[in-house]
Amino acid sequence: MIKLIASRAYLFVRSTLNKMLIPKGFVAVKVNDNQLFFFDPSNSSQGFLLYTTGKYGSGTELLAQLFFSHIIKNGYVVVDVGAHFGFYTLIAAAKVGKSGLVMAFEPSKTNFRVLRVNILANRLTNVKLYKVALADENGRAVLGVPRGRLSGENTLAVNPSQAEQLEVVEVRRFDEIAEEEGISKVDVVKIDVEGAEYKVLKGFGNYLDTCKYIILEVHPSQMVKLGTSPKELYALLNRHGYNLYWLDKKAGIIPVSHNRLMSKILTRHHLICAKQDLELDKIRLRLMKYDLIVKSSFTRRQRLAMLFNNPKYIFRRQNI
Numbered sequence: 001m002i003k004l005i006a007s008r009a010y011l012f013v014r015s016t017l018n019k020m021l022i023p024k025g026f027v028a029v030k031v032n033d034n035q036l037f038f039f040d041p042s043n044s045s046q047g048f049l050l051y052t053t054g055k056y057g058s059g060t061e062l063l064a065q066l067f068f069s070h071i072i073k074n075g076y077v078v079v080d081v082g083a084h085f086g087f088y089t090l091i092a093a094a095k096v097g098k099s100g101l102v103m104a105f106e107p108s109k110t111n112f113r114v115l116r117v118n119i120l121a122n123r124l125t126n127v128k129l130y131k132v133a134l135a136d137e138n139g140r141a142v143l144g145v146p147r148g149r150l151s152g153e154n155t156l157a158v159n160p161s162q163a164e165q166l167e168v169v170e171v172r173r174f175d176e177i178a179e180e181e182g183i184s185k186v187d188v189v190k191i192d193v194e195g196a197e198y199k200v201l202k203g204f205g206n207y208l209d210t211c212k213y214i215i216l217e218v219h220p221s222q223m224v225k226l227g228t229s230p231k232e233l234y235a236l237l238n239r240h241g242y243n244l245y246w247l248d249k250k251a252g253i254i255p256v257s258h259n260r261l262m263s264k265i266l267t268r269h270h271l272i273c274a275k276q277d278l279e280l281d282k283i284r285l286r287l288m289k290y291d292l293i294v295k296s297s298f299t300r301r302q303r304l305a306m307l308f309n310n311p312k313y314i315f316r317r318q319n320i
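Going by full-length UniProt numbering, the sequence shown wraps up at 320, each residue one higher than the last.
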């Protein structure tokens with residue numbers, strides 16, 4: 001009951017602030033110094049935070065971004081599952097270089113259109129886009145956009161009565177797509193699929209045997225709606241030889257401990273999976289040296305200009 005009240009209060013406050021302060025249109029910030037990232041601050045929680053604070057998310061989401069950027073090397077094959085508008089995709093494209101590849105998967109028609117704009121605007125030739133949802137079987141499914149139009153929280157674990165809108169999307173296994181593309185291995189996988197985590201990873205098949213790192217956000221309550229559980233997810237990752245780590249906003253990166261497993265596994269959390277033991281002390285020191293991956297390029301004056309719909313800083317929806 002408390003969670004329900006808090007959720008409704010958040011939506012009310014967010015909706016009110018949107019109407020008062022947030023422009024209805026697309027704005028852009030610079031990522032990796034020279035890439036443009038277009039987003040609509042009024043229709044996703046990450047966009048709202050990016051516009052108001054200059055940070056794409058909060059808490060462990062920021063740690064996940066830093067770690068993601070830290071581990072990718074030139075020539076890597078990176079898979080972005082649940083790419084949304086392409087924030088992680090842009091980071092990966094800058095890191096893998098011309099010899100690498102980024103495969104970005106986004107099933108939502110609206111989100112995919114913005115994702116494509118971000119790739120074209122930055123003239124990226126090392127990114128391939130796929131308008132499909134990944135799972136453990138091929139077919140079609142219903143994707144739901146939750147009320148409040150939170151485009152970053154689209155889910156296959158949909159309750160039609162609680163959805164803003166519904167969309168039928170294509171569903172594919174990753175291993176079949178990768179084989180069609182002639183890809184023999186992947187190096188890094190990022191997953192944010194609002195409950196379909198287990199099904200997505202199961203669809204990777206033998207590619208899990210060679211993938212170096214997986215970064216995913218685990219949504220236990222949504223997983224249950226899809227007939228799976230965090231226990232199954234952890235067991236699958238263990239079978240493929242991954243060492244598991246949680247992201248904690250205070251402690252940073254910590255190994256998964258069995259005595260804390262049940263309390264942590266039932267709540268939404270970020271999980272890092274690595275084939276080798278992470279040298280946590282070295283990683284912490286390196287991450288401390290990193291600045292935030294994205295800094296809002298908006299000055300206070302520019303933000304005020306955007307609030308009053310100055311076209312110099314706003315990219316209108318119809319232009320996307």
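Backbone N, C-alpha and C fix where the C-beta goes; we use that ideal spot for every residue, glycine too.
Note that the structure is a prediction, hence the values are computed from the model and not measured.
Residue i burial status per 10 Å Cβ neighbour count (16 or more: buried)
i	result
Leu266	exposed
Asn122	buried
Leu237	buried
Asp192	buried
Ala178	buried
Asp209	exposed
Thr53	exposed
Arg268	exposed
Lys202	buried
Arg239	exposed
Pro255	exposed
Ser184	exposed
Glu217	buried
Ala6	exposed
Lys95	buried
Glu194	buried
Ala9	exposed
Glu172	It is Arg, not Glu, that sits at residue 172 in the sequence shown. By the neighbour-count rule (16 or more Cβ atoms within 10 Å), Arg172 is buried.
Asn118	buried
Asn43	buried
Gln276	exposed
residue 409	The structure shown does not extend to residue 409, since the chain spans only 1 to 320, so no value can be given for it.
Gly86	buried
Gly47	buried
Ile272	buried
Ile253	buried
Gln165	exposed
Ala274	buried
Ala251	exposed
Asp291	Below a pLDDT of 50, predicted positions are generally treated as unreliable, and Asp291, at 45, falls in that range; the measurement from the model is reported next regardless. Exposed, by the Cβ-count rule.
Lys295	Legend: pLDDT at Lys295 = 43, less than 50; position of this residue unreliable, value from coordinates given subsequently. Lys295 should be labelled exposed.
Ala235	exposed
Sub-8 Å separation of residue i and residue j beta-carbons
i	j	result
Tyr242	Ile214	yes
Phe26	Phe37	no
Ala190	Asp136	According to the sequence displayed, residue 190 carries Lys and not Ala. Result no, Cβ atoms of Lys190 and Asp136 do not sit closer than 8 Å.
Lys212	Asp187	yes
Val77	Gly100	yes
Lys249	Leu49	no
Leu143	Leu129	no
Glu197	Leu233	yes
Pro93	Leu124	The sequence shown places Ala at residue 93, rather than the Pro named in the question. In this structure, Leu124 lies closer than 8 Å to Ala93 by Cβ.
Val168	Ala133	no
Tyr88	Phe112	no
Val102	Asn74	no
Gln35	Leu120	no
Tyr51	Pro41	yes
His270	Thr60	yes
Run of the alpha helix (DSSP H) containing residue i, from where it starts to where it stops
i	result
Asp175	174 to 181
Tyr88	87 to 96
Phe68	60 to 71
Lys202	197 to 202
Leu208	Where Leu208 is concerned, there is no enclosing alpha helix (DSSP H), given that its DSSP letter is neither H nor E.
Val193	Looking at the DSSP string, Val193 is not in any alpha helix (DSSP H), and its letter there is neither H nor E.
Phe37	Taken as a continuous stretch (DSSP letters only), Phe37 belongs to no alpha helix (DSSP H), being part of the beta strand (DSSP E) at 35 to 39.
Gly252	It is not in any alpha helix (DSSP H) - Gly252 instead sits in the beta strand (DSSP E) that spans 252 to 255.
Residue i: first and last residue of the uninterrupted beta strand (DSSP E) it sits in
i	result
Tyr213	213 to 218
residue 341	Within the shown structure, residues of the chain are numbered from 1 to 320, placing residue 341 beyond reach of any answer.
Ile272	269 to 274
Ala235	Per DSSP, Ala235 belongs to no beta strand (DSSP E); it is in the alpha helix (DSSP H), 230 to 239.
Phe48	Not the beta strand (DSSP E): Phe48 falls in the alpha helix (DSSP H), residues 45 to 53.
Lys185	Lys185 -> no beta strand (DSSP E), and no H or E assigned at all.
Ala28	27 to 31
Asp80	77 to 81
Leu101	101 to 105
Query raised in the report: Three or more beta-carbon pairs under 8 Å between the segment 106 to 116 and the segment 221 to 232, yes or no?
Result: no
Query raised in the report: Which parts of the segment 109 to 144 are runs of the beta strand (DSSP E), unbroken and 3 residues or longer, counting only runs that do not cross its ends?
Result: Complete beta strand (DSSP E) runs here, min 3: 127 to 130.
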